[in-house]
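Here is the structure we will look at, set down as structure tokens.
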Amino acid sequence: MCTDRNGTIVLMDVKTFDQLEVSQELFGKDAKYLQGEMRVIVRLYDDIPLSASVPKRVTCIVKEAQDPMKGVPAPPKDKKVVLENGLTVEVPMFVVPGDAVVINTETDSYIERAKA
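FYI, full-length UniProt numbering numbers position 36 of the sequence shown as 36, with every residue one higher than the one before it.
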């Protein structure tokens, strides 16, 4: 579990309920994927956090999407959308704002529409 407080992420061990505060920078580029109740991995050495990572697959909500092109002989198969976390990714033309999509956090790319 995680919440953001001024660049500090508060994590909780779901088994012991112990809390650990780590810098958002520990997650690097993956910090943009952090969501409440998300399970993350933190590697410790002598109780000092060395690295942290998010799951490889994360579900995100589409905030903005281009309208489909009409009247074009060969419309493109993909379009760019902006996710709620600010990331821009290419998705199939059928994806619309409000859709939940699964993103590969290693490549920042679309995998599939999230299942309901």
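Yeah, the Cβ is synthetic: ideal placement off N, Cα and C, and Gly gets one too.
With contacts defined as CB atoms closer than 8 Å, Q66 and K79 qualify as a contacting pair.
Apart from the 5 residues on each side of it in sequence, E64 sits with its Cβ closer than 7 Å to the Cβ of V81, V82, P97 in its chain, given in chain order. Taking C-alpha positions only, M93 is separated from L11 by approximately 37 Å. Judged by DSSP in its simplified three-state form, Q35 adopts coil rather than helix or strand. In the structure shown, K29 falls within a helical segment according to DSSP collapsed to helix, strand and coil. P92: member of the beta strand (DSSP E) spanning 88 to 92, first to last residue.
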